Each structure stands twice: as C-alpha cells, then as structure tokens.
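One line per chain: the protein sequences are F and H, in this order. Following the numbering used here, the numbering of the first sequence begins with 69 at its first residue and continues without gaps. Following the numbering used here, the numbering of the second sequence begins with 392 at its first residue and continues without gaps. First the structure, in the form of structure tokens, and then the observations on it.
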Amino acid sequence: MAATDYLRKRFMPHIWCPGCGHGIVLNSLLRAIEKLGMEKNDVVMVSGIGCSSRIQGYTDFHTLHTLHGRALAFATGVKLAKPEVNVLVPMGDGDALAIGGNHFIHAARRNIDITAIIMNNSTYGMTGGQYSPTTACGDLASTAPYGTVGKPFDVVALARAAGATYIARTTTYHARAMTRILTDAIKHHGFSVVEILSQCPTYYGRENDRGDAVEMMEWYRDNTVAIKPDESGPINSACNGEEAPLPIGVFVNRSEPEYCDSYAKLVREKVLS
Amino acid sequence: MSAPTRYAERKAEPNIRFLQGNEVCAEAAIYAGMRFFAGYPITPSTEIAERLSERLPQVGGTFIQMEDEIASLAAVIGASLTGLKSMTATSGPGFSLMQETLGYAIMTEVPCVIVDVQRGGPSTGLPTHSSQGDVMQVRWGTHGDHSIVCLTASNHQDLFEMVIDAFNIAETFRTPVVVLIDEVVAHMREQVRMPEEGEIALTERLVTAVPRDVDYHPYFPREDGRLPMSNFGGDHRYNVTGLVHDMWGFPSNKPNVADELIHHLIHKIENRKRMLVRHKEYNVDGAEIVLISYGATARSARHIMENRRAVGMAVGMIELQTLWPFPNELIRERCKDADYIVVVEMNMGQMVHQVEAAVDRPHRVFLSNRVDGAMITPNNIKNLIRVIQGKGV
C-alpha cells in the first residue's frame with residue numbers, strides 16, 4: 069500500500085497554514101506505517117485538541133478526536149480494553165505537556181504500549197501563538213509580549229524520568245530520520261515518546277523573527293547535534309541567552325514489562341489460578 | 392423501616408447479602424455486564440473502586456486506577472467505544488472534574504455509567520457527610536445544551552436495579568447515565584437479595600449489521616431512532632469527535648448539521664420520558680399533603696408519612712427514582728389536588744424548583760431541607776408540616 073493510500077481525503081483540504089511542519093510529520097508517519105506493512109484496520113489514532121491533533125482526521129484509520137490534553141487517557145482505555153490494536157497518539161506541546169502533562173507522565177510510568185508523538189512547535193497555534201511549556205525563556209508570544217518567563221520542559225528528560233522505554237527527538241528537517249524513528253517507535257512494545265520539532269512560521273516564527281518555514285527548518289539543521297544513545301541535553305533551559313545545540317536521535321530504547329501484559333499476567337497468576 | 396424480625400425470617404432465603412450501598416453498586420454493575428472500570432479514590436465512593444479492583448479480574452474484566460477523575464472518565468469512554476460496558480465512580484469534587492469529559496460522552500454518544508456519591512460541598516466540603524447538592528450539577532454541569540439521564544435510589548434493593556437500569560438505558564440510548572446516590576445510601580449496610588442470573592433483563596449493545604470494510608455511519612439512526620455501534624478498532628474505520636459532526640462523525644460547521652445534532656441529543660432523552668421515568672408512590676390519591684423526595688431522605692419522608700397517617704392526616708408521598716429527565720407531567724398530575732407539596736432534600740433547594748415549575752399554583756410548594764451534613768429526620772419534616780398548617784413547631 070502506498071503511503072498516500074492511508075490518507076482520508078474526504079477531510080481535505082487540511083487546516084494547517086502554509087509552511088507548517090505538521091504536514092511533514094504526517095508524511096513521515098504514513099511512510100513509517102507503510103514500511104511496517106500495516107493495514108488501515110490495524111491502527112487506532114487518538115488525538116486531543118490543537119493544530120497537531122487534527123492529524124488523525126486526515127488518516128483513514130480508526131480515529132478518535134478527544135479533549136484538550138486528554139488523548140493519552142482515552143487511549144489508555146482503548147488499549148486496555150483492546151490490547152491487540154496499535155495505538156498512536158499525536159499531540160502538540162501544549163496538549164501533551166501543559167494541560168495533559170499529568171496524563172503524559174502517568175502513561176510513561178505505566179509503560180503502556182502506546183506511541184506518543186509530540187509535535188513541538190513551542191506555541192499554541194490554534195489559539196493564536198501563546199507561550200507553551202516548551203517556549204524558550206525570553207521568547208516572545210502573544211501572551212508574552214515582554215518575553216517568556218520560566219524554563220521550558222526538556223521532553224526527553226521528562227519522559228526519561230517518568231519511565232518511558234523508547235524516547236527519541238527529531239525535527240521536520242530530518243524527515244527521513246523521522247520515518248526511521250517513527251517506525252521503531254511504533255514497533256517498540258511499551259510507551260514510546262517521539263518529540264518532533266515542527267515549525268510554526270505563522271505564530272512562533274513571526275513573533276520571534278525566525279524567518280519563513282525554510283529558515284526555521286535550516287535553524288533545526290544548524291542547531292541540532294546527533295547524540296549517542298543515553299545522552300541528553302537541555303533545550304535552552306538556562307536563562308542566559310546562550311543556546312546550546314539541541315541533541316537529536318534515540319535517547320532510550322529498552323525493554324521492560326508492558327502494562328497490559330503485566331495486568332493479564334497478574335490476573336492469570338493471582339486470580340484465575 | 393425494616394423491623395428486626397424481618398432479617399430472621401429472610402436469612403434462610405438464598406442470595407441474601409448484607410452489603411454497603413457502594414458494594415451494591417459494584418455488584419450490580421458486574422451483574423449488568425460491566426467489564427471495564429477506571430476510577431480515582433475519593434470519599435465517599437472509594438469502596439466501589441476497591442471492590443471492583445478485586446471483582447472485575449474474577450469475571451474477565453479490567454480495572455485501572457487512573458491519575459485523576461478526568462482520566463478515569465476518558466479511559467471509560469475509550470474502553471466503551473471498543474465494546475465493553477464501562478463505568479466510573481466518584482464524588483462531588485471528582486464529578487466536577489469530569490464535567491468536560493461527560494459532555495464529550497454526550498456529544499459522541501458513547502454509553503457509560505458514572506456513579507456520583509454525593510457529599511457536602513462546595514469544594515472539599517464535608518467529605519464524610521451526606522448531601523444531595525449535586526442534583527443540578529448532574530443536569531447542567533457540562534457546558535452547552537444537552538440532556539442527561541440520572542437515576543437514584545433510597546435502598547439497596549432498588550439501587551441494585553437502578554444500576555442495572557442505568558446500563559440498560561446507556562446502551563439503548565447511547566448516552567452517559569449518572570447514578571446519583573448520597574453518602575448515607577453509599578455507606579449504609581442493609582440486606583439485599585442478589586437476583587439470579589437472567590432474572591433481570593439486560594440490554595446489550597446494538598451492533599451494526601454492516602459488513603466489515605463496508606462504509607459504516609456511526610451517527611446514522613435506524614428507523615426506530617437507535618444508532619447501531621461498531622466496536623472501535625474493529626471491523627469499521629470511522630471518526631469520533633467532540634466537534635459538531637455529521638453522520639460520518641466528521642466535523643461540520645454547517646448550521647443545519649449543528650441544529651439537527653443538538654436537537655437529536657436532547658430529543659432522544661426528553662421525548663422518551665415515558666421510557667425513562669421511574670418513581671414510587673405511596674397514598675397519593677386523596678392526599679392533602681404530598682411529600683416528594685429521593686435518595687436517603689425519602690426514607691425519612693416515608694417514615695413521617697406513615698407516622699402522620701397513623702394520627703389521621705392525609706399525607707402521601709412520591710419517591711423520585713429518575714431525577715433527569717425530570718418527570719414534569721407526572722408531578723403536575725399527581726399533585727394537582729394536594730393542598731401542600733413538601734420537597735424533602737439535603738440541599739438549599741434544587742429539585743424544589745423543578746417541582747415549582749411543574750405544578751400549577753406553585754405557592755403550595757415548600758422545602759424541607761438541611762445542609763449541615765446530617766440526615767433530615769422525620770421530625771424535621773413533621774415540624775415543617777406543622778408550620779405550614781399554622782400549628783407552630
């Protein structure tokens with residue numbers, strides 16, 4: 069099946085702005101699913117609210133468009149009730165880490181077999197460019213006219229501390245690597261987190277003088293550095309104006325008991341025996 | 392009220408159990424076929440989760456304790472979509488947190504049951520004491536125009552049936568149903584006869600007959616108005632969204648689509664009141680005074696009704712078991728000849744306004760209430776009746 073066959077064209081045209089990085093994520097995601105040889109009926113996609121969360125509507129899978137921040141909680145119900153399905157949860161940075169932050173760390177802690185894709189554009193695009201939990205200190209936003217106060221989350225460090233068993237970071241510039249990472253993340257049996265830096269030229273880019281979409285993607289090219297496994301690093305977390313190159317790659321990939329398996333095993337051993 | 396001898400008589404019967412109201416909720420849900428529960432600990436509902444964590448794995452079901460009440464109801468909706476009868480249980484503060492998600496279940500027409508064990512509020516309030524302060528939150532807590540089904544009970548035998556009814560209604564109408572009880576019923580222990588398998592009819596989900604991979608419309612009603620479901624993640628791919636949507640489940644901004652959807656969500660409940668209203672009546676014909684109550688306070692109301700009838704007063708009583716949709720027609724008809732109507736509830740007056748709106752001559756309606764966390768006693772009601780009749784306390 070060609071990657072484009074997974075598209076649900078009835079939903080087109082999409083709502084994303086010209087230059088938005090989310091289309092590149094959709095492209096890489098469908099190519100990963102194609103590479104894995106998955107049927108449309110094999111995939112359940114659960115999303116929340118925001119620009120990124122509209123990605124589920126454009127795919128011809130089992131699609132559940134839920135509430136802001138709550139996608140992982142809905143997905144947990146789906147996965148526990150029907151462990152045989154592949155559950156993908158695309159989210160934005162505000163969706164996953166602000167309003168949904170609690171669900172994110174708990175899904176990671178459980179190591180439930182869900183693929184969480186965080187499309188991080190450091191802004192709330194759908195509501196017009198407010199600062200998010202990943203907006204760098206000092207960056208401008210429509211609710212930060214004098215600059216953002218407070219440190220941004222480092223998604224990799226957060227996911228690692230919470231217990232996710234597959235953690236990777238990539239960018240829309242690195243589209244081919246993104247496909248490889250998403251393929252591995254979907255294959256991974258456990259909670260996998262893929263952070264994808266995705267440009268928002270309309271709000272974040274314009275508010276912070278980052279140029280157009282191409283310039284923003286070139287910034288990803290010039291300000292990232294591939295890591296060896298088990299390295300990590302902060303995203304501009306120091307408020308000193310210095311920007312360290314952002315590590316990208318696969319940070320964690322280890323095997324641990326998965327939640328649905330563990331529950332089933334517990335019931336077999338303690339209840340049914 | 393049960394006399395002490397009745398237990399001795401009935402303990403020889405099979406299937407008699409001595410249970411707490413919360414345990415009755417758990418057992419009745421399992422009887423109804425509930426196989427997925429997600430919840431979060433909160434007084435005074437926690438025993439429901441505790442019992443189900445033990446019982447569900449024994450019957451092939453799944454229990455999970457989520458990170459909060461929002462996640463609990465979200466997981467319940469996700470599980471229900473895949474085909475499992477699903478439930479959560481909480482109390483006022485948790486129920487407040489669930490409101491947005493409750494609206495999602497209404498909008499997406501996903502069957503589920505939410506038990507709300509009321510405690511004193513607002514805020515943390517009186518966690519271990521009783522209240523009936525959530526009646527209006529059930530009706531209007533989530534934003535936007537909608538309807539909701541809400542059932543309650545004053546004793547454990549009725550509660551067992553109401554919980555099963557809640558699942559039957561949820562599956563029939565593709566809607567969330569709230570079982571609203573109070574701390575007194577939840578924590579009180581009394582005997583309950585467990586029905587035999589098959590004794591109470593269960594409604595199973597109406598599953599679409601559309602073959603696999605043929606287009607299935609999740610929001611296309613049959614001639615009888617019911618919407619057949621397809622287990623999410625199974626034979627048919629479709630979209631579910633909290634946005635206004637068409638019969639495909641795809642978002643729409645069209646005025647006619649929005650108008651039809653909102654009317655459908657409300658009419659499917661309000662136009663079927665006759666199927667949804669459950670109540671009990673005692674001595675209403677010829678009654679000069681009609682007491683209206685529900686939940687634990689109905690026990691006090693019934694007690695004082697019998698007590699006053701023994702001294703020759705014409706007192707009758709209506710016990711509401713369906714709180715929403717509110718049985719306007721029933722109340723108007725059954726109260727039309729009464730001199731006084733006394734609504735007995737543990738709040739500052741919530742159902743009383745519905746009663747006032749339902750009856751003619753609303754100046755006949757009085758409120759017997761308490762909000763101190765304690766039960767309304769039969770004497771509290773008796774004293775109000777004396778005041779209404781100009782006899783002083």
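Ideal placement from N, C-alpha and C gives every residue a C-beta, glycine not left out. Just so you know, these numbers come straight off a predicted model, no measurement behind them.
- [ ] Identify the contact partners of H:Met457 in chain F, using a Cβ-Cβ distance below 8 Å as the criterion.
- [x] Ordered by position in chain F, the residues that pass the 8 Å Cβ test against H:Met457 are Ala141, Thr144 and His174.
TODO: Pick helix, strand or coil for F:Ser260, following the three-state DSSP scheme.
DONE: In this structure, F:Ser260 counts as strand in the three-state DSSP scheme.
Task: Proximal chain F residues relative to H:Ile732, where beta-carbon distance stays under 7 Å - done: Here the premise fails: no neighbours, minimum Cβ distance about 41 Å.
Task: Helix, strand or coil at H:Gln528 [DSSP, three-state] - done: Under the three-state reduction of DSSP, H:Gln528 is assigned to helix.
Open item on the list: Between which residues of its own chain and F:Pro81 is the CB-CB distance below 6 Å, once the five residues before and five after are set aside?
Closed with: Cβ within range, chain order: n/a, list empty.
- [ ] Please go through the segment 677–746 of chain H and give each complete alpha helix (DSSP H) segment of 4 or more residues, from N-terminal end onward.
- [x] Whole alpha helix (DSSP H) segments, 4+ residues: 688–701 and 719–725.
Open item on the list: Restricting to Cα atoms, I'd like to know which of H:Asp637, H:Glu438 and H:Tyr495 is closest to F:Phe79.
Closed with: Ranked by Cα distance from F:Phe79, the options H:Asp637, H:Glu438 and H:Tyr495 are led by H:Asp637.
- [ ] Provide the residue(s) that pair with H:Pro567 in DSSP beta bridges, ordered along the chain.
- [x] Looking at the DSSP assignment, H:Pro567 forms a beta bridge with H:Cys503.
Open item on the list: Strictly below 9 Å CB to CB, what residues from chain H border F:Phe79?
Closed with: Simply Asn630, Phe641 and Pro642.
Open item on the list: Let's see if you can read the secondary structure: which residues bound the beta strand (DSSP E) around H:Tyr673?
Closed with: For H:Tyr673, the enclosing beta strand (DSSP E) stretches over residues His670 to Tyr673.
Task: Residues, ordered as in the chain, of the segment 99–131 of chain F that lie near chain H by beta-carbon distance below 7 Å - done: From the segment 99–131 of chain F, only Lys108, Asn109, Val112, Gly125, Asp128, Phe129, His130 and Thr131 have a Cβ closer than 7 Å to chain H.
TODO: Decide if H:Lys645 is buried, meaning its Cβ has at least 16 other Cβ atoms within 10 Å, or exposed.
DONE: Flag for H:Lys645 reads exposed.
Task: Residues of its chain near F:Asn179, where Cβ-Cβ distance is below 8 Å and the 5 sequence neighbours each way are ignored - done: Contacts found: Gly231, Ala232, Thr233, Gly258, Phe259, Glu324, Pro325, Glu326 and Tyr327.
TODO: May I have the straight-line CA-CA distance separating H:Lys782 from H:Gly483, to the nearest angstrom?
DONE: Answer to the nearest angstrom: the Cα atoms are 38 Å apart.
Open item on the list: Relative to the C-alpha of F:Ser330, which candidate in F:Thr292, F:Leu148, F:Thr134 and F:Ile117 has its C-alpha closest?
Closed with: Nearest neighbour of F:Ser330 by Cα position, chosen from F:Thr292, F:Leu148, F:Thr134 and F:Ile117, turns out to be F:Leu148.
Task: Close beta carbons around H:Ser691, own chain, < 8 Å, minus the five adjacent residues each side - done: These residues qualify, in order along the chain: Ser684, Val735, Met766, Ile767, Thr768, Pro769, Asn771 and Ile772.
TODO: Output, in chain order, the set of chain F residues within a Cβ distance shorter than 8 Å of H:Val467.
DONE: What H:Val467 touches in chain F: Gly145.
- [ ] May I have a chain-ordered list of the beta strand (DSSP E) segments no shorter than 3 residues that lie completely inside the segment 628–673 of chain H?
- [x] If we require 3 residues or more, the beta strand (DSSP E) runs fully inside the segment 628–673 of chain H come out as 630–632 and 670–673.
Open item on the list: Please state the DSSP three-state secondary structure of H:Gly430.
Closed with: Here DSSP, grouped into helix, strand and coil, assigns H:Gly430 to strand.
TODO: Express the C-alpha separation of H:Trp715 and H:Arg617 in angstroms, rounding to a whole number.
DONE: Taken atom to atom, the span from the alpha-carbon of H:Arg617 to that of H:Trp715 is near 20 Å.
Task: is_contact[F:Val153, chain H] using C-beta, thresh 8 Å - done: Interface residue (Cβ-Cβ distance to chain H less than 8 Å): F:Val153 is classified as such.
Task: H:Gly521 (DSSP reduced to helix, strand or coil) - done: It should be noted that the sequence gives Ser, not Gly, for residue 521 of chain H. The DSSP-derived three-state label of H:Ser521 is strand.
Open item on the list: On the CB-based measure, 16 or more other CB atoms within 10 Å of its CB, does F:Arg244 come out buried or exposed?
Closed with: Flag for F:Arg244 reads exposed.
Task: From H:Met425, H:Thr481 and H:His694, residue whose alpha carbon lies closest to that of H:Glu574 - done: Out of H:Met425, H:Thr481 and H:His694, the CA that lies nearest to the CA of H:Glu574 is found in H:Thr481.
TODO: Would you mind reading off the limits of the beta strand (DSSP E) that contains F:Cys328?
DONE: Bounds of any beta strand (DSSP E) do not take in F:Cys328; it lies within the alpha helix (DSSP H) bounded by Tyr327 to Leu334.
Task: Inter-residue spacing [alpha-carbon to alpha-carbon] between H:Cys541 and H:Thr566 - done: Rounded to whole angstroms, H:Cys541 and H:Thr566 show a C-alpha spacing of 11 Å.
- [ ] Consider the C-beta atom of H:Lys782 and the heavy atoms of the ligand MG; say whether any pair is separated by less than 7 Å.
- [x] With respect to small molecules bound, the structure shown includes none, and the ligand MG cannot be examined in it.
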